[in-house]
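**Q** Starting off with a structure, shown below.
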Amino acid sequence: MNCEVCQLKELEVEHFEIREVLRCILHTIVFHRALGLVRPKDVDLELFEITYVQCGDVELEKKIDEKIDHFISWVEKHPNKKSQICLSFYEVKSKQPSWFTNKTERLYWEQWYVNLNVTQHPKHHSSKSHHTKLIVDPGESATEERSCRRAMVEASLREVLFQIIKFVNEKKDHVPPISEGVIYFPYEITIPSSSDSAFGMDMIKRMLHSGHPTMLS
Amino acid sequence: MTSTHTNSHTEAAKMEQVITEFFYKSLLIILESRSSYVSSRNYSGEQTVSSPSSSSSSSSSVRPRDKWFNLALRECPSALENLDLCRRSNFEPVVVDVILEQKPLDWGPASFSPTSDLVRNLSSKNKNSYFWNSDQQDESGSEMKCEKIIERWFVQHESRKGRDCNSGNRRSSCNNLSALYKKLILMLRSLYVTVRLLPAYNIFRDLNSSGLICSFKLVPRVSSFVEPLTRKEEVDMQRFWFTPVDTSCGRLCLSVLYHSSISDMSSESSTPMSPQFIPDYVGSPLADPLRRFPSLPVSHGSPSSLPFSRRHSWSYDHYKASPPLVSFSPSPTHSESNALVSNPSSLGLPPMSLPPHPPETSLAHKRNTNFDEYCPSPNFSASPSPSPSPSLPIYIPRTHLSKALLRSESAPVNIAAPKLANTPALSGKQNLPPCPPLKITRAGTSRTDNIRVPAETDATIEKIFSFGKEDCWKYSGVKAFSNSSPRISCSRSSSRSLQDDFDYSEFPCPFDVEDGEMMDPGSRPKSYVRIGNPSDPNEAGLFMNRKSQDAAVGALVRLLKNSPPLRQNVSLNFSEASRPEILSNSIPKQSQILEAVTVEYAAAPNIASFRLVASKTTTDALEELRGYKVMKNLLLSEGGKAYTSNVASAAEHSSTSKGT
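Just so you know, the sequences run in chain order A and B. Numbered according to the numbering used here, the first sequence spans residues 1014 to 1230. Numbered according to the numbering used here, the second sequence spans residues 115 to 774.
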């Protein structure tokens, strides 16, 4: 079975937007892969005029929030860096145990890469200005800039969500059959590690589990 | 052969059932996110329920129909009504038009039907025809409305011609069925997410959650045959295709035409919104919302043509109406423009309007009765100001209004005087306590003008106040209404001279503090300066004005400087009266000492003005100093005696204990 990979469009977000953006994207993807019986839950974003859908599973929500927290911690240690979160869906297959592999094997059949560019926008210069003679409030232009930027992020996020929908619609054959009693497929969320070597180890681990090199588009 | 034939029949029947249920489910997903009052968003209680299969307790809440495509949704009556469309054997296409309707101005709450807006019209040819159910007809008789198709959904099964749908062996058809089912699940998941990403959903969400009676509503219209949209309409719309899913005899297709941007409808109004007088404008949360103020031009720019009250800027409650929404006039060119609501939160709000209702505003309609939190300081009363300039809100003490200072240095404002507590017209809604009378006495005469607000309705009182050369105020009238508090309009005039009398004997002091302290003179704060006792609390006549503490102090100081000096006998009597009081107590308290030096004019009804201690002569001051010295010596002696006695008793005790 091929592993379908989807590289989502890069989003430029600020630190305080990370949580909402990631929740929106990750839950949207998981909802499309929660093919068991669900009662969808609509969630309105606070920062943007977007409503996304969760599959209503509390455990899933908790796990996703934990991963987001880890990611935010990583971002705080590595500011102004581009980062990537990988959401992978796999099947568990049993195999012959060997020296380097376990008894079970993970067959990744889909991977989603969420690309984020977390920026820290400098404060508007005019906000530090002490010129009181200015009639026009310098804060107004900062507010306008902020709202313009917010609108751009919202539009980009909407594009990413439509990208997910299109991908889900176009590629259906690789999705495994639905198991009885299973709500969503087993998944894994990989965030950047604190060191590059650790990130490389993660890749090697994934290769050992999957049994074949990860295909990157 | 027979078994194969039976199996194929079974498979075909299953396929048909799957396709039918797909039609129904897709219709349900679209309608429940576009049709007001039947959305699953309204049933927030069930939103928190986790996945139905995760817990046994919630499994009972899953209906058999919910299990189709593993998507449990709230039942939608609109979709049920159109189930017949889905059950047709030939699977005719189903078209759902989502129409944004704009109601006319004279549409009132009575004509708004909370029932489902879904209308089934299989033979509708003219999409611009007036499309009303009999129970939704506008009671006002007006049929003029604007409607615009903002979305058009197509759900159809395209049959594959020239192939036998029932052919194939059992295993392959079974595999086909399970694969088809899986793909349809995925398609419906995408549909569910997509309907919430389109612009129409924001409109739906805000219309549904706010509960406001708006001039807009979304009307989904389900039909089998519709006229194609005009080229002009289609130019503004975008199409989104869901990847078709192959069935055994065709393919299921799902697509949508939608407006990608729905701009603000307020910009489409043909009549520009001119400033309008808001008769029921309330400038403070403490004021009665139904209170009527005297006419005052208010260039607020937010029209209120509806009979219901306008919401306040400080609260998002209580008022279901959204007056700015009804200011639009149906424009014949409306359909040609892009003007529809883009940001639902700004639905119909004029540029200079009050902040919109937050979407999640709970319309619990709780009256903001906790006015104390608006009070910046208990010392000052404020008057409602219709101007949008930032100003202190009104603080009206609930128990006692003896401390109103009626001075203002700003433009003429309407001053709201509270109504009497014993007024029968006052209901529980009134938050305003009774106010004490205000006495105004002219110098040299004994004329006293009482300003009172009578209990009876429609009483008019005219009083004139003057506070000084610079700030002369003329209170032109106080009008009491049956269901509102009396009001005093105040305008600035320079006709009064400085010598106009102002009797402060019964005039409440601007520095008065809390009501409780006022009622208990013994616990009066040190800085208290009381101008005069309020007399009969049953008499009304309170002027309240809003000003800052500093301005009030400045005005008072100015007044004091310009007022005639105190009479000698009063000051002497005062100082003499205070001394025996001090000397009579062996250990006078600090508060009493300070009270002695506080200027009090409670017993001098004919004092034209008051002033602080500065007017005393040097002799009086020296006498006071002597009095202080005496007091000091007394305190020291008393304290020394107490100390000595304590030490002696302690020594005695210790010697006694040592002896034992």
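Just so you know, even glycine gets a beta-carbon here, dropped at the ideal spot from N, CA and C.
(1) Using a beta-carbon distance cut-off of less than 7 Å, what residues from the segment 177-192 of chain B approach chain A?
(2) In chain order, what residues of the same chain have a beta carbon less than 6 Å from the beta carbon of residue 1167(A), not counting five sequence neighbours either side?
(3) Taking C-beta to C-beta, are residue 291(B) and residue 130(B) nearer than 8 Å?
(4) Using the beta-carbon count (16 or more within 10 Å), is residue 301(B) buried or exposed?
(5) Assuming the contact rule is C-beta atoms closer than 8 Å, residue 141(B) and residue 208(B) should be a hit. Round their C-beta distance to whole Å, please.
(6) Could you tell me which chain B residues have their CB closer than 8 Å to the CB of residue 1182(A), listed as they occur along the chain?
(7) Does DSSP put residue 533(B) in a helix, a strand or coil?
(8) Any idea what DSSP makes of residue 1044(A), helix, strand or coil?
(9) With DSSP as the reference, identify every bridge partner of residue 364(B), one or two as the case may be.
(10) Is the beta carbon of residue 1195(A) sitting closer than 8 Å to the one on residue 1069(A)?
(11) To which residues of the same chain is residue 1173(A) closer than 7 Å at the C-beta, ignoring the five residues directly before and after it?
(12) Can you confirm whether residue 138(B), when its beta carbon is compared against all beta carbons of chain A, has any partner nearer than 8 Å?
(13) Can you check whether the C-beta of residue 372(B) is within less than 8 Å of a C-beta belonging to chain A?
(14) Could you compute how far the alpha carbon of residue 1131(A) sits from the alpha carbon of residue 1031(A)?
(15) Checking 8 Å against the spacing of the C-beta atoms, do residue 1127(A) and residue 1117(A) come in under that value?
(16) Counting C-beta neighbours from all protein chains within 10 Å, is the total for residue 767(B) 16 or more, i.e. buried, or is it exposed?
(17) Any Cβ of chain B within less than 8 Å of the Cβ of residue 1156(A)?
(18) Distance, Cα to Cα, residue 132(B) vs residue 338(B)?
(19) In chain B, what lies closer than 7 Å to residue 1038(A) by C-beta?
(20) Looking at the strands, I want to know which residues DSSP matches up with residue 333(B).
(21) Between residue 1101(A) and residue 1201(A), how many whole angstroms is the CB-CB distance? I'm expecting something under 8 Å.
(22) On a Cα-Cα basis, can you pick out the residue from 289(B), 314(B) and 677(B) that is closest to residue 128(B)?
(23) Look up residue 1029(A) in the DSSP assignment and say whether it is helix, strand or coil.
(24) Less than 8 Å between CB atoms is the rule here; does residue 1078(A) satisfy it with respect to chain B?
(25) Measure the CB-CB distance between residue 1093(A) and residue 357(B) and report whether it falls below 8 Å.
(26) Indicate whether at least one CB of chain A lies closer than 8 Å to the CB of residue 297(B).
(27) Nearest chain A C-beta to residue 131(B) closer than 8 Å, yes or no?
(28) Are the C-beta atoms of residue 1301(A) and some chain B residue less than 8 Å apart?
(29) With a threshold of 8 Å between beta carbons, is residue 1064(A) in contact with chain B?
(30) When we look at the beta-carbon of residue 739(B) and count the other beta-carbons within 10 Å, is it buried (16 or more) or exposed?
(31) Under the three-state reduction of DSSP, which class applies to residue 1176(A): helix, strand or coil?
(32) Along the segment 1025-1058 of chain A, what residues have a CB closer than 7 Å to any CB found in chain B?
(33) Run through chain A and tell me which residues come within less than 8 Å of residue 292(B), C-beta to C-beta.
(34) List the residues of chain B that residue 1090(A) touches, going by C-beta distances under 9 Å, in chain order.
(35) So which residues on chain A does residue 319(B) lean against when the C-beta distance must stay under 8 Å?
**A** This is what the structure holds:
(1) Within the segment 177-192 of chain B, those residues whose Cβ lies closer than 7 Å to any Cβ of chain A are, in chain order, 181, 184, 185 and 186.
(2) Closer than 6 Å at the Cβ level, and outside the excluded window around residue 1167(A), lie 1061.
(3) no
(4) buried
(5) 6 Å
(6) 300, 301, 304, 356 and 357
(7) A caution first: residue 533(B) carries a pLDDT of 45, below 50, which makes its placement in the model unreliable, though a value can still be read off. Coil.
(8) helix
(9) 273(B) and 361(B)
(10) no
(11) Hits under 7 Å: 1021, 1022, 1024 and 1038.
(12) no
(13) no
(14) If I take the Cα positions, the gap works out to 8 Å.
(15) no
(16) With fewer than 16 other beta carbons inside 10 angstroms of its own, residue 767(B) counts as exposed.
(17) no
(18) 20 Å
(19) Near residue 1038(A) there are no residues of chain B at all, since even the closest Cβ is about 12 Å away, more than 7 Å.
(20) The partner list for residue 333(B) (beta bridge, DSSP) reads 213(B).
(21) 5 Å
(22) In this structure, 289(B) is the residue among 289(B), 314(B) and 677(B) with its C-alpha nearest to the C-alpha of residue 128(B).
(23) helix
(24) no
(25) no
(26) Yes, residue 297(B) counts as interfacial toward chain A.
(27) Taking 8 Å as the CB threshold, residue 131(B) stays off the interface with chain A.
(28) Residue 1301(A) is absent from the structure shown; chain A starts at 1014 and stops at 1230.
(29) Taking CB atoms only, residue 1064(A) has a neighbour in chain B less than 8 Å away.
(30) Counting Cβ neighbours within 10 Å, residue 739(B) comes out exposed, since fewer than 16 surround it.
(31) helix
(32) Correct list: 1041, 1044, 1045, 1048, 1049, 1050, 1051, 1052, 1053, 1054 and 1055.
(33) 1190
(34) Chain B residues near residue 1090(A): none, gap ~33 Å exceeds 9 Å.
(35) Those within 8 Å of residue 319(B) in chain A are 1057 and 1064.
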